[in-house]
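If you're matching positions, the sequence shown starts at 30 in our numbering and goes up one per residue.
For glycine and all other residues, C-beta sits at the position ideal for the given N, C-alpha and C.
Since the model is a prediction, treat every value here as computed from it, not as a measurement.
Down below is the structure, laid out as structure tokens.
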Amino acid sequence: MSRWIESGLLVLILLVAAALRLTGVDWDAYNHYHPDERYITWVATTIEWPQDWRTAFDPAQSSFNPYYWPPYAASEGIEVIQDAQRKFAYGHLPLYLGVAATRLTEWVGPMLVPLLPPNWLLTRDILNGAGLVEFRHLTAVSRALTALFDVATIFVLYLLARMLFGSKVGLLAAAFLALDVMHIQLAHFFTSDPYLTFFVVTAVYFMVRSQVELQVTGCKLHLPGLQPVTCNLLLAAAFIGLAVGSKFTAVLLFLPLLLAFWLWRGKRWGWWLGTAVLLALLTFVITNPFAVLDFSCHAITPAVQIGPVRIPEWDWRSCYLENVTTQSAMVRGQSDLPFTRQYQGTLPYLYPFEMQFRWGMGPLLGAVALIGLGWAIWKALRKNGQWSMANGQWSIVLAWVLPFLLTTGGFYVKFMRYLQPSVPFLLMFAAAWLMGLRDRVRQTVIGVVLGGTAVFAFTFMGIYSQPHPWVQASQWIYEHVPDGALILSEQWDDPLPTSMAVDGAWRRMSEYDNEELTWLTGTGAKDDTQKLADNLALLADGDYLVVTSNRVYGVIPRLPNMYPLSSQYYQLLFDGKLGYELVGVYGRFPHIGSFYLKPDTFGWPELTPGTAVTTYLSQFPGLNGGRADESFTVYDQPLTMIFKNTAHLSVDVLTAQFQN
């Protein structure tokens, strides 16, 4: 393959990837329907260049500190808390990058907007020709930045795969990642995982490059004894610091770094290893300064008895460690949180890979990715008929992938995005395995996998051609529900309507009364008659009920032991036995043309939706894709239902429907 053809194909892949990731940046009309993104952006509105550098690194006064609401913070269009602690469970680096990109567009926007077509996404939203308030402009710019980071990940994966397996594998791996649905979806959110994945892939790239000792054209360091291998390892260490600065899980990158130094074992390699670790830590501190500056929280190490020695309880007071330990307890199921109960009864390793096969990669790409991983392990261990770990280059990649998969796949909490930092490597191995097949078989299999995955990717993109269901439902409420009506929502889900412009007039959620049903909150003995009575009293008084997603009904009916009373509620609601009639259903589904791929939100909890829902779903012919992880559907493609209280049944009548 000539260099011109290779470069042309790579540019085409990157352009397709960018188009897939930048299309639909306004997927929720910037109404902040992703809760993690919403919080990160809310915090970002208070990150400002300090006016007084004497207080720039004072945790209680700094406008840089994500762990504390600074005094006098304000932003147009939203309420900002002032002078108080805040929980920020994410790395500083993506937050700072999003803010920096937004400030850059604020500076260049007035110069460029008059020169560009007004309806371009770049002009209207990114450069803020539409005059978005800061809270929305930050979202638009940061989503675009996330998309660009994901495209950069594809480019670095191409470099890594080409270095290990040749240009054809590099291009195929890049094409696979460009079309990977989970990457496309996550690139639309201002969250930390795409940034983490970019820094992980880049760090591994430099570690592998150190083993092949290629010419380092970009290294300008001139120190005694600094050879290309050393320079690459130091660059890898810097990117490890950036990765950990995005999300703590990247700390596992120190395993392949240690292996890379051990395989090298050059002159004074132990000294250089220590230098690399210090460089990684320094990079982390620079990009996450308040991880080492804010000690106003509580990070408690419990007391431990080791033989005759008792180590007492210790409070580290680090806000960073507090957030890390809180997140660690959550993902391991050590803390019972309502929004993680969806994973009750799911199998470690099997459930995450099932979700990748169904929705993340799709069945074709998922199958070859799993085969590719097995092939890579076999090839790395086997050499000249002997089992060996001599293949250093592959061993470094596997030293990241295997510990990461073994750790993450075993979590109690199994959000699909948790696997993202491993996906590029799985797709690289898949491409390498496919390229090793016989010619005719190789061409056929690659054509089927690449073509099928492309169809799946463009089918997924179909959701962005339709308004968000919560926008549609909000518009219906403003048009049909009288002011002052009591609209019930579900705790742990988003209430509706969203404050928004309708027919040129700004309408607010506050025009209606709102109360929350607490079906998901109490479990076991707390799922009692008092909880039932409180919720039924709201149902008796309510005028409308909005079920915005399957966050609650996808969980409670599956867990009758945890919810002996509440688990009966949804089927009674859907059957019309609680006096509420379905008056609106809104959804958007992956589709291409008139073919739809619909997630099944009712089968797993064994619910039978009402006739109106069935009729609505029948309008979208296609395939039932089976169960989907809540995190795949709830942000950008939830199925939303509006019920009207037509019978106004009393609490006693409602209570009689439930079996104690």
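Legend entry - Terminal residues of the alpha helix (DSSP H) in which PHE268 lies: 257-273
Inset, instruction - Starting from VAL452, trace the beta strand (DSSP E) both ways and give me its first and last residue. - result: Where VAL452 is concerned, there is no enclosing beta strand (DSSP E), although the alpha helix (DSSP H) it sits in stretches over 452-464.
Inset, instruction - Taking 8 angstroms as the threshold, find out whether the stretch 591-604 comes into contact with the stretch 625-641 through three or more Cβ pairs. - result: Yes, they touch.
Inset, instruction - Please determine if the stretch 392-411 and the stretch 218-234 are in contact, where contact requires at least 3 C-beta pairs separated by less than 8 angstroms. - result: No, the stretch 392-411 is not in contact with the stretch 218-234.
Inset, instruction - For PRO139, count neighbouring Cβ atoms within 10 angstroms of its own Cβ and tell me buried if that reaches 16, exposed if not. - result: Flag for PRO139 reads exposed.
Legend entry - GLY401 and ALA459 closer than 7 angstroms at C-beta: Yes; because the gap between Cβ atoms is below 7 angstroms, this pair is in contact.
Inset, instruction - Inspect the CB distances between the stretch 529-549 and the stretch 505-518 and report whether three or more fall short of 8 angstroms. - result: yes
Inset, instruction - Please state whether DSSP places LYS673 in a helix, a strand or coil. - result: strand
Legend entry - Same chain only: Cβ atoms within 7 angstroms of SER92, ignoring 5 sequence neighbours per side: For SER92, same chain residues with a beta-carbon under 7 angstroms away, outside a window of 5 residues either side, are THR75, ILE76, GLU77, PRO79, PRO99 in chain order.
Legend entry - Contact check, PHE228 vs ALA272, beta carbons under 7 angstroms: yes
Legend entry - Option nearest GLU163 by Cα separation, candidates THR134, THR175, PRO147, PRO146: THR134
Legend entry - 8 angstroms CB neighbourhood of ARG346 in its chain, flanking five on each side removed: PHE324, SER325, CYS326, HIS327, ALA328
Inset, instruction - May I have the straight-line CA-CA distance separating HIS620 from GLN111, to the nearest angstrom? - result: 45 angstroms
Legend entry - TYR187 versus LEU201, ARG580, VAL314, residue with shortest Cα-Cα distance: LEU201
Inset, instruction - Given a cut-off of 7 angstroms, decide if VAL45 and GLY207 are closer than it, judged by their beta-carbon atoms. - result: Gly is not the amino acid found at residue 207; the sequence shown has Ala there. For ALA207 and VAL45, yes; Cβs fall inside 7 angstroms.
Inset, instruction - Please check the pair MET359 and LEU366, which I expect to be a contact at CB under 8 angstroms, by giving their CB distance rounded to whole angstroms. - result: Between MET359 and LEU366, the beta carbon gap of about 6 angstroms places them in contact (Cβ cut-off 8 angstroms).
Inset, instruction - Answer yes or no: do PRO95 and VAL128 have a C-beta to C-beta separation smaller than 7 angstroms? - result: no
Inset, instruction - Give the DSSP-derived three-state secondary structure of LEU394 in the structure shown. - result: helix
Inset, instruction - Give a yes or no on whether 7 angstroms exceeds the smallest Cβ distance from ASP512 to chain C. - result: Looking at the structure shown, chain C is missing, and only one protein chain is on hand.
Legend entry - LEU516 - partner residues in DSSP beta bridges: According to the sequence as given, residue 516 is Ile; it is not Leu. Bridge partners of ILE516: ASN543, TYR573.
Inset, instruction - Provide the residue(s) that pair with LEU379 in DSSP beta bridges, ordered along the chain. - result: Looking at the DSSP assignment, LEU379 forms no beta bridge with any residue, so it has no partner.
Inset, instruction - Quick one: give me the first and last residue of the alpha helix (DSSP H) that PHE205 is part of. - result: 196-208
Legend entry - Cβ-based burial, TYR101 [other Cβ within 10 Å; buried from 16]: TYR101 is exposed by the Cβ-count criterion.
Inset, instruction - Consider the C-beta atom of SER623 and the heavy atoms of the ligand SAH; say whether any pair is separated by less than 6 angstroms. - result: In the structure shown, the ligand SAH is absent, as is every other ligand, since no ligand is present at all.
Inset, instruction - Can you grab the Cα-Cα spacing for the pair GLN114 / LEU43, in whole Å? - result: 42 angstroms
Inset, instruction - Alpha carbon to alpha carbon, how far is GLU519 from PHE687? Give it in angstroms, no decimals. - result: 19 angstroms
Legend entry - Helix, strand or coil at MET418 [DSSP, three-state]: Because the pLDDT of MET418 is 42, which lies under 50, any placement of that residue in the model is unreliable, and the question is left without a value.
Inset, instruction - Using only alpha-carbon positions, find the residue among TRP82, GLN90, TYR68, GLY195 that is nearest to MET464. - result: GLY195
Inset, instruction - Could you tell me the distance, in whole angstroms, from the CA atom of HIS677 to the CA atom of ARG153? - result: 47 angstroms
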